[in-house]
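See structure below.
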Amino acid sequence: TNECSTVPIVNRRGKQEGAKTLVLIMKSSTVNDRRRLEQELKRYMRRNVCCLDPRRGCLGKIISALDRSVIIRAIIVLFEVSLVSMAWTVTSLPWQLAVAIGIHISMFMLICLMPPGYVESSDCIEEAEGSHSFCSRCQMNRPIRSHHCSSCQRCVRMMDHHCDFTQNCCGEDNTVYYLIYELLTCVLSLITLRYLVKAATLYYPPEALSLLVITSFLLSGIVVGTGYLTCLHASLIFCDMTMSEWFSETNAKTLRGILIASMRSRMSPALFQSIDILRKLLSTSRS
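Here is the structure:
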(Lines of atoms letter the chains of each structure in order from A; the text may use other names.)
(Lines give C-alpha, C1' and ligand atoms only; values in the text may rest on other atoms or scores of the structure.)
Protein backbone atom coordinates (compact mmCIF):
# COMPACT_ATOMS: atom_id res chain seq x y z
CA THR A 2 0.00 0.00 0.00
CA ASN A 3 1.12 3.54 -0.77
CA GLU A 4 1.57 5.84 2.20
CA CYS A 5 0.16 9.29 1.61
CA SER A 6 0.88 12.53 3.43
CA THR A 7 -2.07 14.89 3.40
CA VAL A 8 -1.12 18.56 3.63
CA PRO A 9 -3.92 21.00 4.54
CA ILE A 10 -4.04 24.10 2.41
CA VAL A 11 -4.61 27.34 4.32
CA ASN A 12 -6.63 30.12 2.71
CA ARG A 13 -5.99 33.85 3.01
CA ARG A 14 -7.70 34.05 6.40
CA GLY A 15 -5.52 31.34 7.84
CA LYS A 16 -8.29 28.72 8.14
CA GLN A 17 -7.82 25.15 7.00
CA GLU A 18 -9.93 23.92 4.15
CA GLY A 19 -10.21 20.17 4.35
CA ALA A 20 -11.59 19.91 0.84
CA LYS A 21 -8.46 21.49 -0.67
CA THR A 22 -5.66 19.07 0.06
CA LEU A 23 -2.71 17.95 -1.97
CA VAL A 24 -1.83 14.26 -1.61
CA LEU A 25 1.78 13.37 -2.33
CA ILE A 26 2.38 9.69 -3.03
CA MET A 27 5.89 9.46 -1.71
CA LYS A 28 6.86 5.83 -2.26
CA SER A 29 5.45 5.33 -5.72
CA SER A 30 6.99 8.55 -7.13
CA THR A 31 10.48 9.07 -8.35
CA VAL A 32 12.83 11.54 -6.73
CA ASN A 33 12.36 14.13 -9.48
CA ASP A 34 8.58 13.86 -9.36
CA ARG A 35 8.67 14.17 -5.60
CA ARG A 36 10.76 17.35 -5.74
CA ARG A 37 8.53 18.83 -8.42
CA LEU A 38 5.40 18.12 -6.39
CA GLU A 39 6.97 19.57 -3.24
CA GLN A 40 7.94 22.77 -5.10
CA GLU A 41 4.42 23.12 -6.49
CA LEU A 42 3.05 22.58 -3.01
CA LYS A 43 5.31 25.29 -1.54
CA ARG A 44 4.33 27.77 -4.25
CA TYR A 45 0.65 27.05 -3.64
CA MET A 46 1.09 27.50 0.10
CA ARG A 47 2.87 30.84 -0.37
CA ARG A 48 0.02 32.12 -2.54
CA ASN A 49 -2.75 31.00 -0.19
CA VAL A 50 -1.26 31.72 3.23
CA CYS A 51 -2.03 35.07 4.85
CA CYS A 52 0.83 37.58 5.00
CA LEU A 53 0.45 37.63 8.80
CA ASP A 54 0.90 33.87 9.07
CA PRO A 55 4.02 32.80 11.01
CA ARG A 56 5.29 30.99 7.90
CA ARG A 57 5.49 34.24 5.96
CA GLY A 58 7.88 36.28 8.09
CA CYS A 59 8.79 37.87 11.42
CA LEU A 60 5.66 40.04 11.55
CA GLY A 61 3.43 36.99 11.48
CA LYS A 62 5.50 35.32 14.20
CA ILE A 63 5.25 38.39 16.44
CA ILE A 64 1.49 38.68 15.93
CA SER A 65 0.99 34.97 16.49
CA ALA A 66 2.98 35.21 19.71
CA LEU A 67 0.52 37.82 20.89
CA ASP A 68 -3.23 37.59 20.71
CA ARG A 69 -4.65 39.40 17.68
CA SER A 70 -7.70 40.42 19.67
CA VAL A 71 -5.40 42.16 22.16
CA ILE A 72 -3.77 44.08 19.30
CA ILE A 73 -7.12 45.24 17.92
CA ARG A 74 -8.30 46.35 21.35
CA ALA A 75 -5.04 48.21 21.94
CA ILE A 76 -5.45 50.02 18.61
CA ILE A 77 -8.97 51.15 19.62
CA VAL A 78 -7.70 52.46 22.97
CA LEU A 79 -4.76 54.25 21.33
CA PHE A 80 -7.13 55.82 18.79
CA GLU A 81 -9.35 57.13 21.58
CA VAL A 82 -6.40 58.45 23.58
CA SER A 83 -4.93 60.16 20.51
CA LEU A 84 -8.32 61.68 19.64
CA VAL A 85 -8.67 63.06 23.16
CA SER A 86 -5.10 64.38 23.00
CA MET A 87 -5.89 66.18 19.74
CA ALA A 88 -8.96 67.74 21.32
CA TRP A 89 -6.94 68.72 24.38
CA THR A 90 -4.33 70.36 22.17
CA VAL A 91 -6.94 72.55 20.52
CA THR A 92 -8.90 73.47 23.64
CA SER A 93 -8.54 72.83 27.35
CA LEU A 94 -11.12 70.25 28.42
CA PRO A 95 -12.43 70.21 32.03
CA TRP A 96 -11.13 67.58 34.41
CA GLN A 97 -14.63 66.12 34.83
CA LEU A 98 -14.63 65.21 31.15
CA ALA A 99 -11.20 63.62 31.52
CA VAL A 100 -12.53 61.43 34.35
CA ALA A 101 -15.54 60.49 32.21
CA ILE A 102 -13.23 59.50 29.35
CA GLY A 103 -11.23 57.33 31.76
CA ILE A 104 -14.48 55.62 32.82
CA HIS A 105 -15.32 55.18 29.14
CA ILE A 106 -12.02 53.39 28.47
CA SER A 107 -12.60 51.19 31.53
CA MET A 108 -16.07 50.38 30.20
CA PHE A 109 -14.51 49.38 26.89
CA MET A 110 -12.13 46.99 28.61
CA LEU A 111 -15.04 45.57 30.62
CA ILE A 112 -17.09 44.62 27.56
CA CYS A 113 -13.95 43.24 25.92
CA LEU A 114 -13.32 40.81 28.77
CA MET A 115 -16.87 40.10 29.95
CA PRO A 116 -18.26 36.74 28.74
CA PRO A 117 -21.36 37.20 26.57
CA GLY A 118 -23.09 34.11 27.92
CA TYR A 119 -21.61 31.04 26.27
CA VAL A 120 -23.75 27.93 26.11
CA GLU A 121 -22.50 25.22 28.46
CA SER A 122 -23.27 21.54 28.27
CA SER A 123 -25.37 21.77 31.43
CA ASP A 124 -27.65 24.54 30.12
CA CYS A 125 -30.07 22.18 28.38
CA ILE A 126 -30.19 19.42 30.98
CA GLU A 127 -33.16 20.90 32.81
CA GLU A 128 -34.75 22.33 29.67
CA ALA A 129 -38.06 20.92 28.51
CA GLU A 130 -38.06 18.84 25.37
CA GLY A 131 -38.49 20.98 22.26
CA SER A 132 -37.10 24.10 23.93
CA HIS A 133 -33.59 23.62 22.58
CA SER A 134 -31.87 22.88 19.29
CA PHE A 135 -28.74 21.00 18.30
CA CYS A 136 -25.56 22.73 17.09
CA SER A 137 -23.74 20.61 14.53
CA ARG A 138 -20.50 22.56 15.03
CA CYS A 139 -20.32 22.39 18.82
CA GLN A 140 -21.98 18.94 18.83
CA MET A 141 -24.20 19.86 21.76
CA ASN A 142 -27.72 21.00 22.57
CA ARG A 143 -28.33 24.70 22.99
CA PRO A 144 -31.29 26.75 24.25
CA ILE A 145 -33.63 28.41 21.80
CA ARG A 146 -32.56 31.79 20.38
CA SER A 147 -28.92 30.77 20.75
CA HIS A 148 -26.57 31.08 17.79
CA HIS A 149 -23.13 29.81 16.89
CA CYS A 150 -20.47 32.50 16.48
CA SER A 151 -18.05 31.67 13.69
CA SER A 152 -15.42 34.00 15.18
CA CYS A 153 -15.55 32.76 18.78
CA GLN A 154 -16.30 29.16 17.66
CA ARG A 155 -18.86 28.84 20.46
CA CYS A 156 -22.62 29.08 20.86
CA VAL A 157 -23.88 32.22 22.60
CA ARG A 158 -27.21 32.60 24.38
CA MET A 159 -29.36 35.37 22.87
CA MET A 160 -26.51 36.28 20.52
CA ASP A 161 -26.95 39.79 19.15
CA HIS A 162 -23.81 40.12 17.01
CA HIS A 163 -20.04 39.72 17.08
CA CYS A 164 -18.31 43.06 17.57
CA ASP A 165 -15.06 43.40 15.63
CA PHE A 166 -13.96 46.37 17.73
CA THR A 167 -14.12 44.54 21.05
CA GLN A 168 -13.38 41.10 19.55
CA ASN A 169 -16.20 39.78 21.69
CA CYS A 170 -19.79 38.71 21.19
CA CYS A 171 -22.78 40.70 22.33
CA GLY A 172 -25.03 38.20 24.06
CA GLU A 173 -27.42 37.66 26.94
CA ASP A 174 -25.00 38.66 29.72
CA ASN A 175 -23.49 41.83 28.26
CA THR A 176 -26.08 43.38 25.92
CA VAL A 177 -26.99 46.07 28.46
CA TYR A 178 -23.31 46.94 28.95
CA TYR A 179 -22.90 47.35 25.19
CA LEU A 180 -25.88 49.72 25.16
CA ILE A 181 -24.44 51.76 28.05
CA TYR A 182 -21.07 51.93 26.30
CA GLU A 183 -22.63 53.11 23.03
CA LEU A 184 -24.69 55.75 24.84
CA LEU A 185 -21.65 56.92 26.81
CA THR A 186 -19.58 57.11 23.62
CA CYS A 187 -22.22 59.21 21.88
CA VAL A 188 -22.66 61.60 24.83
CA LEU A 189 -18.93 62.10 25.44
CA SER A 190 -18.25 62.67 21.74
CA LEU A 191 -21.09 65.18 21.60
CA ILE A 192 -19.79 67.07 24.65
CA THR A 193 -16.24 67.13 23.27
CA LEU A 194 -17.55 68.29 19.89
CA ARG A 195 -19.39 71.12 21.65
CA TYR A 196 -16.15 72.31 23.24
CA LEU A 197 -14.40 72.17 19.86
CA VAL A 198 -17.14 74.20 18.16
CA LYS A 199 -16.92 76.73 20.97
CA ALA A 200 -13.14 76.88 20.52
CA ALA A 201 -13.57 77.43 16.77
CA THR A 202 -15.16 80.82 17.46
CA LEU A 203 -11.87 82.00 18.99
CA TYR A 204 -8.71 82.84 17.09
CA TYR A 205 -6.33 80.00 16.45
CA PRO A 206 -3.29 79.75 14.21
CA PRO A 207 -3.71 77.79 10.95
CA GLU A 208 -2.00 74.71 12.40
CA ALA A 209 -4.40 74.45 15.33
CA LEU A 210 -7.38 75.29 13.11
CA SER A 211 -6.67 72.40 10.75
CA LEU A 212 -6.28 70.07 13.73
CA LEU A 213 -9.60 71.33 15.06
CA VAL A 214 -11.34 70.60 11.76
CA ILE A 215 -9.94 67.05 11.60
CA THR A 216 -10.89 66.29 15.20
CA SER A 217 -14.37 67.73 14.75
CA PHE A 218 -14.88 65.66 11.60
CA LEU A 219 -13.88 62.44 13.38
CA LEU A 220 -16.06 63.20 16.39
CA SER A 221 -19.04 64.00 14.15
CA GLY A 222 -18.75 60.58 12.52
CA ILE A 223 -18.55 58.91 15.93
CA VAL A 224 -21.63 60.81 17.15
CA VAL A 225 -23.68 59.82 14.09
CA GLY A 226 -22.58 56.17 14.13
CA THR A 227 -22.93 55.54 17.86
CA GLY A 228 -26.18 57.51 17.99
CA TYR A 229 -27.69 55.29 15.32
CA LEU A 230 -26.47 52.11 17.03
CA THR A 231 -27.75 53.29 20.42
CA CYS A 232 -31.24 53.99 19.07
CA LEU A 233 -31.29 50.71 17.14
CA HIS A 234 -30.15 48.55 20.06
CA ALA A 235 -32.48 50.31 22.50
CA SER A 236 -35.41 49.66 20.16
CA LEU A 237 -34.44 46.01 19.72
CA ILE A 238 -34.00 45.49 23.48
CA PHE A 239 -37.42 47.08 24.08
CA CYS A 240 -38.93 44.71 21.51
CA ASP A 241 -37.07 41.68 22.93
CA MET A 242 -35.27 41.09 19.65
CA THR A 243 -31.62 40.49 18.82
CA MET A 244 -29.67 41.91 15.91
CA SER A 245 -29.37 38.52 14.22
CA GLU A 246 -33.13 38.00 14.49
CA TRP A 247 -33.71 41.47 13.08
CA PHE A 248 -31.47 40.75 10.09
CA SER A 249 -33.37 37.54 9.41
CA GLU A 250 -36.73 39.30 9.69
CA THR A 251 -35.85 42.30 7.50
CA ASN A 252 -35.92 40.09 4.41
CA ALA A 253 -39.72 39.88 4.72
CA LYS A 254 -40.59 43.01 6.70
CA THR A 255 -39.28 46.47 7.35
CA LEU A 256 -37.81 47.60 10.65
CA ARG A 257 -40.74 49.94 11.23
CA GLY A 258 -43.25 47.12 10.84
CA ILE A 259 -41.28 44.83 13.15
CA LEU A 260 -41.01 47.45 15.88
CA ILE A 261 -44.68 48.43 15.67
CA ALA A 262 -45.79 44.80 15.78
CA SER A 263 -43.52 44.08 18.74
CA MET A 264 -44.70 47.15 20.65
CA ARG A 265 -48.33 46.28 19.96
CA SER A 266 -47.81 42.86 21.52
CA ARG A 267 -46.10 44.29 24.62
CA MET A 268 -48.00 47.51 25.31
CA SER A 269 -51.61 48.11 26.19
CA PRO A 270 -54.00 47.56 23.24
CA ALA A 271 -56.14 50.46 24.47
CA LEU A 272 -53.19 52.82 24.00
CA PHE A 273 -52.79 51.84 20.36
CA GLN A 274 -56.53 52.08 19.81
CA SER A 275 -56.40 55.64 21.11
CA ILE A 276 -53.45 56.40 18.83
CA ASP A 277 -55.33 54.97 15.82
CA ILE A 278 -58.44 57.04 16.66
CA LEU A 279 -56.32 60.19 17.03
CA ARG A 280 -54.59 59.47 13.71
CA LYS A 281 -57.95 59.06 11.95
CA LEU A 282 -59.24 62.31 13.46
CA LEU A 283 -56.15 64.17 12.27
CA SER A 284 -56.46 62.73 8.76
CA THR A 285 -60.16 63.70 8.54
CA SER A 286 -59.48 67.21 9.81
CA ARG A 287 -56.80 67.74 7.17
CA SER A 288 -59.10 66.54 4.41
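Going by the numbering used here, the first residue of the sequence shown is number 2, and it counts up by one from there.
For each residue, glycine too, the CB sits at the ideal point set by N, CA and C.
Everything numeric in this text was worked out from a predicted model, so none of it was measured.
Comparing C-alpha distances from C232 to each of L194, H148, V188 shows the shortest one belongs to V188. Excluding residues up to 5 positions away in sequence, R74, T167, N169 lie with their Cβ nearer than 6 Å to the Cβ of C113 in the same chain. Straight across, the Cα-Cα distance linking L197 with S190 is about 10 Å. Under the DSSP assignment, S107 falls in the alpha helix (DSSP H) whose first and last residues are 96-114. Within the same chain, and ignoring the five residues on either side of L219 in sequence, the residues whose Cβ sits closer than 7 Å to its Cβ are L84. If you ignore the 5 residues before and after C139, its C-beta comes within less than 6 Å of the C-beta of C156, all in its own chain and listed in chain order.
Under the three-state reduction of DSSP, M141 is assigned to strand. For S86, the three-state secondary structure derived from DSSP is helix. In this structure, the beta-carbon distance from H105 to T216 does not fall below 8 Å. In this structure, the straight-line span from the alpha carbon of G172 to that of T227 is close to 19 Å. Ranked by Cα distance from P144, the first of G118, C164, S152 is G118.
S245 sits close to D161, with the two beta carbons spaced by under 8 Å. R158 has S147 as its beta-bridge partners, per DSSP. For F166, there is no enclosing beta strand (DSSP E), as DSSP marks it with neither H nor E. Rounded to the nearest whole angstrom, the C-alpha separation of H234 and S134 is 26 Å. Counting only the Cα atoms, C240 lies some 39 Å from V214. Assignment of C136 by DSSP, reduced to helix, strand and coil, places it in the strand class. Taking every protein chain shown into account, the CB of R158 has 16 or more other CB atoms within 10 angstroms, so this residue is buried.
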